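Protein sequences appear in the order of chains L and D.
Its first residue numbered 84, the first sequence is counted upward by one per residue in the working numbering.
Its first residue numbered 13, the second sequence is counted upward by one per residue in the working numbering.
Backbone N, C-alpha and C define an ideal beta-carbon position, used for all residues, glycine too.
All of these numbers come straight from a predicted model, not from anything done at the bench.
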Amino acid sequence: MIQPITETIEIGGSEQPLYGPRSYQVLSGNDLGSQLLEISMGPHHPSTHGVFRMDVVLDGEEVVKLKPVFGYLHRNHEKIAENASYLASMPYTDRLDYFCSMTNNWAYAHAVEKLAGIKVPERAEYMRVILAELTRLVNHTALVGFLVNDLGALGTPLIYAFRERENILDVFEALSGARMMCNYMRFGGVRVDFTPDILKRITHIVDRYPSFLAEFEKLLVGNDIIMSRCQGVGVLTKELAIASSVTGPMLRASGVDYDIRKVDKYGIYDRFDFRVPLGDHGDVYDRLMIRFLEMHESLKILRQALKQFPQGGEHINPEVKLRNFRPKAGEAYGRIESPKGELGFYLISTGGNLPYRYRVRPPSLINLTILEDMCLGEKVADVIIILGSVDIVLGEVDR
Amino acid sequence: MNDLIHLIAITPWAIALVKIGVVLVIMLGLVAYTVLAERRIAALIQDRRGPNRVGPFGLLQPVADGVKFLFKENVMPAHVNKIYYVLAPTITLIPALLTFAVIPFGSTLGGVPMVIADLNVGVLWIFSIASLGVYGIVLAGWSSNSKYPFLGGIRSSAQMISYELSMGMSVIGVFMLVGSLNMTRVVGYQHDCWLVFKQPVGFLIFLVAAFAETNRLPFDLPESEQELVGGYHTEYGSMKFALFFLAEYANMITASALMVTLFFGGWQFPFIGFAPNHPMWNGVLHIGIFFAKLLCLMLVFIWVRWMFPRFRYDQLMNLGWKVFFPLGLANILLTALILTMQAPR
Chain L
84 MIQPITETIE IGGSEQPLYG PRSYQVLSGN DLGSQLLEIS MGPHHPSTHG VFRMDVVLDG
144 EEVVKLKPVF GYLHRNHEKI AENASYLASM PYTDRLDYFC SMTNNWAYAH AVEKLAGIKV
204 PERAEYMRVI LAELTRLVNH TALVGFLVND LGALGTPLIY AFRERENILD VFEALSGARM
264 MCNYMRFGGV RVDFTPDILK RITHIVDRYP SFLAEFEKLL VGNDIIMSRC QGVGVLTKEL
324 AIASSVTGPM LRASGVDYDI RKVDKYGIYD RFDFRVPLGD HGDVYDRLMI RFLEMHESLK
384 ILRQALKQFP QGGEHINPEV KLRNFRPKAG EAYGRIESPK GELGFYLIST GGNLPYRYRV
444 RPPSLINLTI LEDMCLGEKV ADVIIILGSV DIVLGEVDR
Chain D
13 MNDLIHLIAI TPWAIALVKI GVVLVIMLGL VAYTVLAERR IAALIQDRRG PNRVGPFGLL
73 QPVADGVKFL FKENVMPAHV NKIYYVLAPT ITLIPALLTF AVIPFGSTLG GVPMVIADLN
133 VGVLWIFSIA SLGVYGIVLA GWSSNSKYPF LGGIRSSAQM ISYELSMGMS VIGVFMLVGS
193 LNMTRVVGYQ HDCWLVFKQP VGFLIFLVAA FAETNRLPFD LPESEQELVG GYHTEYGSMK
253 FALFFLAEYA NMITASALMV TLFFGGWQFP FIGFAPNHPM WNGVLHIGIF FAKLLCLMLV
313 FIWVRWMFPR FRYDQLMNLG WKVFFPLGLA NILLTALILT MQAPR
């Protein structure tokens with residue numbers, strides 16, 4: 084027999100149930116007698132990172148309730164993919180998390196390869212690892228810039244971040260023809276081979292990135308205002324993080340040692356020596372630091388991958404038929420560690436040229452579900468940085 | 013030329029009118045070009061180009077911006093309180109310009125003192141007028157009848173009142189040393205040594221409070237784009253918004269001018285011994301020195317804005333009441349102690 088929870092909590096001078104629907108006296112018109120103020124942050128708000136809305140109830144400056152509302156960018160991704168051939172969905176995955184199209188491509192290719200049992204040549208595996216880690220650099224650098232921008236630093240760190248990101252995007256453009264919508268990976272490999280020039284450019288970026296990171300860290304990590312704004316704010320406990328299936332840097336900032344690159348060892352990640360940074364407190368500052376530390380580890384992987392990069396070999400498995408691609412009936416779940424967390428694709432094939440079911444596990448959306456738990460009791464300015472530290476891209480949240 | 017000066021000299025109200033007109037024109041020109049300077053310096057800091065298309069080096073950009081603001085549609089939301097909504101930008105801008113009246117921006121030019129009103133209660137005038145500026149922002153927040161401006165208005169009233177106290181405390185030390193509230197006397201006192209060396213703590217508090225009073229980063233909480241969209245001016249557009257914008261820069265200029273007068277020796281420059289023999293050139297030189305110092309301090313304002321993130325509201329209040337307020341009191345006590353010990357028995 085389950086006892087109903089009848090505990091109450093005092094919010095804004097009135098008794099409200101601890102669990103379940105609460106009623107609010109919301110400030111409206113000339114009714115200034117009540118104390119709670121409900122504001123709608125978004126969908127057109129400068130700091131919600133896209134068309135995302137938060138229904139926030141404030142007691143003074145303090146958040147007493149927060150309801151995330153999304154779906155403004157819903158584009159029917161999954162249903163469209165079920166009516167398109169397997170390959171035709173590849174460019175559409177670019178648009179999920181438009182900051183990291185390479186890892187999206189890889190996750191989808193990984194799922195299809197699992198479904199159809201396709202082998203990937205060694206050279207292609209190295210190329211995928213290099214591009215995925217470059218994408219991680221792009222994402223984390225930009226995220227740190229955006230987070231500090233949310234703290235109120237008017238653009239300067241963001242533009243420093245974008246300056247470095249631009250170099251990597253130039254390589255992506257030279258490689259695939261597009262800077263952000265790369266559409267580069269294919270089932271069993273990648274679309275075009277690396278030229279020696281591309282490798283030289285990537286080596287150059289990897290060589291000079293540490294000096295940029297050192298400067299960036301020196302400017303931000305020890306800054307008193309950043310420390311006082313971020314430390315102890317938006318704490319996500321280990322237990323809640325695991326229970327709500329949060330993944331990626333968010334989970335590791337709460338101190339859970341879980342990185343799919345280590346757990347699954349997909350691709351050739353077992354060949355590289357790198358460590359998984361973990362946080363202690365699970366606050367915004369830890370999440371900021373995790374991004375910096377992960378960038379250092381990514382650079383480590385990149386250096387090893389460039390050193391071991393095979394001279395010859397195929398860039399795509401020549402046995403894979405791209406036209407009229409019909410995997411045998413069955414189902415597969417392919418997942419990789421995208422910069423935002425566990426990005427998975429679940430596919431069911433009935434043997435036809437269209438997937439019977441196509442489902443994305445979006446890390447942004449699942450990491451966003453605990454937003455209210457992190458924000459309750461914090462100030463309204465903290466909501467913005469907590470949201471910024473979650474690292475969402477609305478293309479992936481709403482699909 | 014001499015005849016003209018003579019003609020003006022016999023009619024004191026004409027002198028005052030000319031001075032007011034000239035100062036107003038210089039002030040508004042300075043405001044317009046500070047906006048351009050801010051954008052160019054921000055671009056320099058951020059490794060970009062900045063506005064460089066309109067005119068040589070983008071020098072006509074302020075004109076283009078002004079024309080744009082004037083020709084924009086004058087939108088007034090239906091839910092606002094119309095009288096206060098229109099009044100608020102004006103109330104913000106006018107005190108910013110009025111404060112400049114008691115600041116001596118030069119020695120004398122052709123025998124005319126280069127200060128509009130040489131009040132013997134100069135600093136009281138400044139504080140009383142500057143406090144009026146907060147009404148504009150609070151009214152803007154309140155009359156917009158909208159939630160973000162409301163929060164911005166509340167924040168600004170609390171912030172301005174808290175930091176005005178610290179600001180007042182910080183200058184008491186100065187006036188204990190000088191022994192007068194008259195700004196010209198303050199400048200005269202600094203003939204040998206700038207007060208920033210005698211009152212470093214006072215200067216520090218004044219500088220921080222000036223940032224808070226002018227709503228500049230890291231204290232731009234009433235505006236705080238990231239959480240409150242535009243804060244108190246969210247509902248404003250066209251020239252009414254431009255007035256808020258101008259007021260911010262006018263406040264910056266006034267705060268810089270105050271700092272120059274109170275702590276950096278006003279129009280004097282102690283390390284250079286030369287003075288042109290002609291009194292006219294001497295006066296021009298002094299005005300030049302004043303504005304050079306003013307621009308240096310403006311540069312600090314601009315520089316800081318693009319370097320720091322923003323404080324949180326409660327942290328700002330803690331800083332004001334728990335750090336700067338006691339520090340200001342301690343500074344007054346220390347100054348009084350030293351003065352008592354130095355006093356002849």
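- With a beta-carbon spacing of about 6 Å, ARG482/L and GLU161/L fall inside the 8 Å limit used to define contacts.
- As computed with DSSP, PHE428/L is found in a beta bridge with GLY417/L and VAL443/L.
- For PRO129/L, the neighbours in chain D by C-beta distance under 7 Å run, in chain order, GLU237, GLN238 and VAL241.
- A contact between stretches requires three or more CB pairs, one per stretch, nearer than 8 Å, and the stretch 236-252 of chain L fails this requirement with the stretch 418-432 of chain L.
- Interface with chain L (9 Å Cβ-Cβ cutoff): PHE257/D is excluded.
- Annotated three-state conformation of LYS150/L is strand, per DSSP.
- For ASP363/L and ARG335/L, the gap between their C-alpha atoms comes out near 9 Å.
- Distance between ALA222/D and TRP333/D, taken at the CA atoms: about 15 Å.
- If you ignore the 5 residues before and after TYR201/D, its C-beta comes within less than 6 Å of the C-beta of VAL190, all in its own chain and listed in chain order.
- Residue range 307-313 is occupied by the alpha helix (DSSP H) that includes ASP307/L.
- DSSP lists no beta-bridge partner residue for LEU219/D.
- Around the beta carbon of PHE276/D, a 10 Å sphere encloses 16 or more other beta carbons of the protein chains shown; the residue is thus reported as buried.
- Within the same chain, Cβ atoms closer than 6 Å to the Cβ of TRP154/D are found at GLY165, the five residues on either side in sequence being excluded.
- What ILE467/L touches in chain D, judged by beta-carbon distance under 7 Å, is GLN238 and GLU239, going in chain order.
- Taken in chain order, the complete beta strand (DSSP E) segments of 3 or more residues contained in the stretch 337-385 of chain L number zero; there are none.
- From the beta-carbon of LYS462/L, the residues of chain D found nearer than 7 Å are ARG324, TYR325 and ASP326.
- Using a Cβ-Cβ distance cut-off of 8 Å, the stretch 418-429 of chain L and the stretch 210-228 of chain L are in contact, since at least three pairs of beta carbons, one from each stretch, lie closer than that value.
- Assignment of ILE399/L by DSSP, reduced to helix, strand and coil, places it in the strand class.
- Using a 10 angstroms sphere on the CB of PHE69/D, the tally of other CB atoms stays under 16, which defines it as exposed.
- Here ASP326/D is exposed. Its C-beta has fewer than 16 other C-beta atoms within 10 Å.
- For the 9 Å CB-CB criterion, HIS193/L and ILE384/L do not form a contact.
- Cβ-Cβ distances below 6 Å link TYR439/L to ILE431 and THR433 in the same chain, with the five nearest sequence neighbours on each side left out; the list follows chain order.
- Scanning the stretch 233-290 of chain D for uninterrupted beta strand (DSSP E) segments of 3 residues or longer gives nothing; none is fully contained.
- In the assembly as shown, GLY154/L is an exposed residue. Its beta-carbon has fewer than 16 other beta-carbons within 10 Å.
- Secondary structure within the stretch 146-220 of chain D: the alpha helix (DSSP H) runs of 4 or more consecutive residues, fully enclosed, are 159-190, 195-201 and 207-210 (chain order).
- Contact annotation: in the stretch 205-221 of chain L, no residue has its CB less than 8 Å from a CB in chain D.
- By the Cβ rule, the stretch 269-280 of chain L does not count as touching the stretch 243-256 of chain L, because fewer than three pairs are nearer than 8 Å.
- In the three-state reduction of the DSSP assignment, LEU71/D falls in the coil class.
- Looking at the backbone, the Cα of LEU151/D and that of MET353/D are separated by about 48 Å.
- For ILE281/L, the uninterrupted alpha helix (DSSP H) run begins and ends at 279-303, by DSSP.
- If you draw a straight line from the Cα of GLY300/D to the Cα of TRP279/D, it is about 8 Å long.
- The C-beta distance from ILE467/L to GLU239/D rounds to 5 Å, short enough to fall under 8 Å.
- In chain order, ILE242 make up the part of chain L whose C-beta sits under 9 Å from the C-beta of ARG60/D.
- Short of 8 Å from the beta carbon of LEU163/D, and not among the five residues preceding or following it, lie these beta carbons of its own chain, in chain order: GLY153, LEU240 and GLY243.
- The Cβ atoms of LYS148/L and GLU455/L lie closer than 9 Å to each other.
- In the three-state reduction of the DSSP assignment, VAL79/D falls in the helix class, which pools H, G and I.
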